[in-house]
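Reading through the structure tokens given below for one structure.
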Amino acid sequence: MELKDLIKPENLVYSKSALLEDVPMHYCPGCSHGVVHKVLAELIEEMGLQEKTVGVAPVGCSVFAYNYIDIDWQEAAHGRAPAVATGIVRVNPDKFVFTYQGDGDLASIGTAEIMHACNRGENILVIFINNGIYGMTGGQMAPTTLEGMVTSTTPFGRNVDLNGYPLKITELIAQLPGTSYVTRQSVETPGAVRKCKKAIKKAIDNVLAKKGTSFVEVVSTCNSGWKMTPVDANHWMQENMFPFYPLGDMKDSVKGDNNAKN
Amino acid sequence: MAEYKLMKGNEVLAEAAIRCGCDGYFGYPITPQSEVMETLMARQPWTETGMVVLQAESEVAAINMVYGAAGSGKKVMTSSSSPGISLMSEGISYIAGAELPCLIVNVQRGGPGLGTIQPSQADYFQTVKGGGHGDYRLIVLAPSSVQEMNDFVGLGFELAFKYRNPAMILTDGALGQMMEKVKLSDYQPRWTKEEIEEKWGSWATTGKTATRKKNIVTSLEMDPGRMEQNNIRFQKKFSEIEENEVRYEAIQCDDAEYILVAFGTSSRVCQKSVELARAKGLKVGLLRPITLYPFPKKAIKELARKVKGFLSVEMSAGQMVEDIKLAVYEAGSTVRVNHFGRMGGIIPTPEEVVEALEEKFSWELSYGVKRSY
Amino acid sequence: MAKVRGAVVVDNEECKGCGLCVEACPHDVLRLNREVNSRGYHYSYMENPGNCIGCSNCGVVCPDTCITIYRMKVE
Numbered sequence: 000m001e002l003k004d005l006i007k008p009e010n011l012v013y014s015k016s017a018l019l020e021d022v023p024m025h026y027c028p029g030c031s032h033g034v035v036h037k038v039l040a041e042l043i044e045e046m047g048l049q050e051k052t053v054g055v056a057p058v059g060c061s062v063f064a065y066n067y068i069d070i071d072w073q074e075a076a077h078g079r080a081p082a083v084a085t086g087i088v089r090v091n092p093d094k095f096v097f098t099y100q101g102d103g104d105l106a107s108i109g110t111a112e113i114m115h116a117c118n119r120g121e122n123i124l125v126i127f128i129n130n131g132i133y134g135m136t137g138g139q140m141a142p143t144t145l146e147g148m149v150t151s152t153t154p155f156g157r158n159v160d161l162n163g164y165p166l167k168i169t170e171l172i173a174q175l176p177g178t179s180y181v182t183r184q185s186v187e188t189p190g191a192v193r194k195c196k197k198a199i200k201k202a203i204d205n206v207l208a209k210k211g212t213s214f215v216e217v218v219s220t221c222n223s224g225w226k227m228t229p230v231d232a233n234h235w236m237q238e239n240m241f242p243f244y245p246l247g248d249m250k251d252s253v254k255g256d257n258n259a260k261n
Numbered sequence: 000m001a002e003y004k005l006m007k008g009n010e011v012l013a014e015a016a017i018r019c020g021c022d023g024y025f026g027y028p029i030t031p032q033s034e035v036m037e038t039l040m041a042r043q044p045w046t047e048t049g050m051v052v053l054q055a056e057s058e059v060a061a062i063n064m065v066y067g068a069a070g071s072g073k074k075v076m077t078s079s080s081s082p083g084i085s086l087m088s089e090g091i092s093y094i095a096g097a098e099l100p101c102l103i104v105n106v107q108r109g110g111p112g113l114g115t116i117q118p119s120q121a122d123y124f125q126t127v128k129g130g131g132h133g134d135y136r137l138i139v140l141a142p143s144s145v146q147e148m149n150d151f152v153g154l155g156f157e158l159a160f161k162y163r164n165p166a167m168i169l170t171d172g173a174l175g176q177m178m179e180k181v182k183l184s185d186y187q188p189r190w191t192k193e194e195i196e197e198k199w200g201s202w203a204t205t206g207k208t209a210t211r212k213k214n215i216v217t218s219l220e221m222d223p224g225r226m227e228q229n230n231i232r233f234q235k236k237f238s239e240i241e242e243n244e245v246r247y248e249a250i251q252c253d254d255a256e257y258i259l260v261a262f263g264t265s266s267r268v269c270q271k272s273v274e275l276a277r278a279k280g281l282k283v284g285l286l287r288p289i290t291l292y293p294f295p296k297k298a299i300k301e302l303a304r305k306v307k308g309f310l311s312v313e314m315s316a317g318q319m320v321e322d323i324k325l326a327v328y329e330a331g332s333t334v335r336v337n338h339f340g341r342m343g344g345i346i347p348t349p350e351e352v353v354e355a356l357e358e359k360f361s362w363e364l365s366y367g368v369k370r371s372y
Numbered sequence: 000m001a002k003v004r005g006a007v008v009v010d011n012e013e014c015k016g017c018g019l020c021v022e023a024c025p026h027d028v029l030r031l032n033r034e035v036n037s038r039g040y041h042y043s044y045m046e047n048p049g050n051c052i053g054c055s056n057c058g059v060v061c062p063d064t065c066i067t068i069y070r071m072k073v074e
């Protein structure tokens, strides 16, 4: 059988979401951002949410997220995406609003905003990309950088006496009664991507049902910042990041439920 | 039927917001303006007009909530006092950069730092010359009565949306706490979803439909050539504002030889100073800028050609005085421009102002002014 | 017995040659090309097209969404 007999529209099983713009992403080869963008675009398309959705982009590598998904977007100041999303959703309660933030944005400069948005139980989805490093500015230490991990501002490894400890912010978020669904996912294998997509789908369903804030952390790679090949970065993440940032659901409930399994 | 009430300046800001069809208020408590949010929370406008009121976790969050809500085409505002406005300055720069309309109120207190909680006008530079980073301007309205506190809420929104630029009411703790009779505005309905889409659908994040391209609210542009074009567009807008939106009040300026220039609370003091000075035989007038940006440069230039001197009366070390000097210089006039002010939360007395005028212009009062043109 | 055949079409210009699809493929179909595209990346291609069952794993992990997948049953 010839390939040309196979490559026909009726045999199509996987293609780019119509909501993903026809522009090459600026991310480095193998960057997890592209996969998470794709999953989001697919879900917004499959769930018919394009007209309802407003995305809030952060400052960091994904500052240009608004160039890639065909929905309305707002670009927030560094760390302020949850406040911007709060503003949008409070005066537009019928909209589906999400923030897309990295670890520097969410867990460092924007710690107050994310804590309080989650604590108020804003009906928004938060996508939190945790790769333990500042990608855009050239690989500096992030609050989530592992102990001993080498970055450009911890060239001899993160020393907890000097730099403090890696911050498990998702575990803190899961304690807040305003949240409904808090989970930690990854996207390094086909199985992980499919699982992550299910988790984000559930998070969106919760937001649409006004159950409170849904928070999805995606443990990710930054192969450029980590100075590894994309494939090696995935293995390094599995061996080093997952033991400290274990995958799985941390809370699955509704806003106001303080007896939820944490 | 017009509705009259005796109200505090801060309370009337809240009342005016509800009545002008404001969609949301995001704020953080700070003296001397906490009554704005307290009044709103007690009035519960969400049950009446649907207006949202939210106490944010900080001024930083509050101004970014304003950014988000304004980015969706809604009529939203915040209020704070000097230290809080400093915290908001980052967000204000982003709002100006993203060309979003909103209203910000600064009920000033004495500074720098935590300073005092008493009235001051020392945020003139911050408000009129920038505050945040980058080449932007705020449309600045300076009320001098509780009535104007009411009126400028609607006017501020009108100008903000007309030019897609943040507007600020620059007032102070005295006007915020002062009670006066005020004629309340009539109720205006909030814009409907359809009205917002029709008016602001070209830029606001109202949700991407099949009939239009996606809207992106951002102040970011990586290409310096395009960023320069954005700045050129902003500057064009500011020129239009300077051309069309200057507002001021001239009190007894026609025959005046000396002009007091003052805004807000200090202009109220100066009204009395004009009376006292005239009783002493001094021909003194008062020019009260209502818009601090755009500054009433033309009015000052015209006066500069006929008067003997200007005294800028401010509750600061002298900030607006620089803009008066610039206008006088541009008029080609050599009359002197002096400043008199009290700082740290002290309001000058009318007598102090007259004394300062006599002292600072003693030369002119004794020998007159020689004009070379 | 019905057999499943698949095919992978890589947008050579969009591919950044990260190699995640090669790693994700359970049937050793993909490789990175010795040639580079106009942006200098060793784009991926089907080295062993006969092995492909159209499982979509390569497409799912592709960060640049430059993989389209076809699949059909053959007798």
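Residue numbers (numbering that gives the first Met the number 0), protein chains in the order written: chain A, 0 to 261; chain B, 0 to 372; chain C, 0 to 74. Glycine is no exception: its CB is placed at the ideal position from the N, C-alpha and C atoms.
Between B/Met64 and A/Thr98, which are expected to be in contact by the criterion C-beta below 8 Å, what is the C-beta distance as a whole number of angstroms? Not confirmed; about 13 Å, so no contact.
Interface positions of the segment 180-197 of chain A facing chain C (Cβ-Cβ less than 8 Å), listed along the chain: Val186, Glu187, Thr188, Pro189, Val192 and Arg193
Three-state secondary structure (DSSP) of A/His32: helix
For B/Tyr405, name the three-state secondary structure that DSSP assigns. For residue 405 of chain B there is no data in the structure shown, the boundaries of chain B being 0 and 372.
For A/Leu5 and C/Tyr44, I'd like the C-alpha separation in whole angstroms. 16 Å
Taking the beta strand (DSSP E) that B/His338 belongs to, which residues open and close that run? Arg335 to Gly340
Name the DSSP bridge partner or partners of C/Met45? C/Leu29
Using a C-beta cutoff of 8 Å, does B/Glu58 count as contacting chain A? no
Use the C-beta contact count for B/Asp134: other C-beta atoms within 10 angstroms, 16 or more gives buried, fewer gives exposed. exposed
In chain C, which residues lie less than 9 Å from A/Ile6 when you measure between Cβ atoms? Ala6, Val8, Thr67 and Tyr69
Taking its Cβ as the centre, do 16 or more other Cβ atoms sit within 10 Å of A/Trp72, making it buried, or is it exposed? buried
Could you check what DSSP says for B/Asn9 in three-state terms: helix, strand or coil? helix
Pull up the DSSP beta-bridge partners for B/Gln107, would you. B/Asp171
Neighbour flag for A/Ile54 against chain C, beta carbons, 8 Å: Looking at the sequence itself, residue 54 of chain A is Gly, so the reference to Ile does not match. It does not: the Cβ of A/Gly54 has no partner Cβ on chain C nearer than 8 Å.
Which runs of the beta strand (DSSP E) spanning at least 3 residues fall entirely within the segment 264-326 of chain B, listed in chain order? 283-288, 290-292 and 308-313
Interface residues of the segment 51-66 of chain C facing chain F [CB-CB below 7 Å]: No chain F appears in the structure shown, which is made up of the protein chains A, B and C.
Is there a C-beta anywhere in chain C that falls below 8 Å from the one on A/Lys15? yes
Alpha helix (DSSP H) containing B/Thr126: first to last residue? Tyr123 to Val127
Note down, in chain order, every chain A residue with its Cβ under 8 Å from the Cβ of B/Met64. Ala82, Val83, Thr85, Gly86 and Arg89
Helix, strand or coil for C/Met71? Go by DSSP, reduced to three states. strand
Going straight from the alpha carbon of B/Ser272 to that of B/Leu310, what length do you get? 12 Å
By the 10 Å Cβ neighbour count, where 16 or more other Cβ atoms means buried, how is A/Asn158 classified, buried or exposed? exposed
Contact list for C/Glu22 against chain A, beta-carbon separation under 8 Å: Val230 and Asn233
Going along chain B, which residues have a C-beta under 8 Å from A/Lys51? Gly206
Give the residues of chain C in contact with A/Leu246, contact being defined as C-beta atoms less than 7 Å apart. Those do not exist, as A/Leu246 stays about 16 Å from chain C at its closest Cβ, beyond 7 Å.
C-alpha distance - B/Ala355 paired with B/Leu291, whole-angstrom precision: 23 Å
Would you mind stating whether B/Asp22 and A/Val88 have Cβ atoms separated by less than 8 Å? no
Three-state secondary structure (DSSP) at A/Arg119? helix
Can you tell which of A/Glu146, A/Tyr65, A/Gly59 and A/Asn118 has its C-alpha closest to the C-alpha of A/Val53? A/Tyr65
A/Ala76 by DSSP, collapsed to three states: which one? coil
Are C/Tyr40 and C/Cys65 close, meaning C-beta to C-beta below 8 Å? no
My output table needs one value for B/Ser332: the three-state DSSP class, helix, strand or coil. coil
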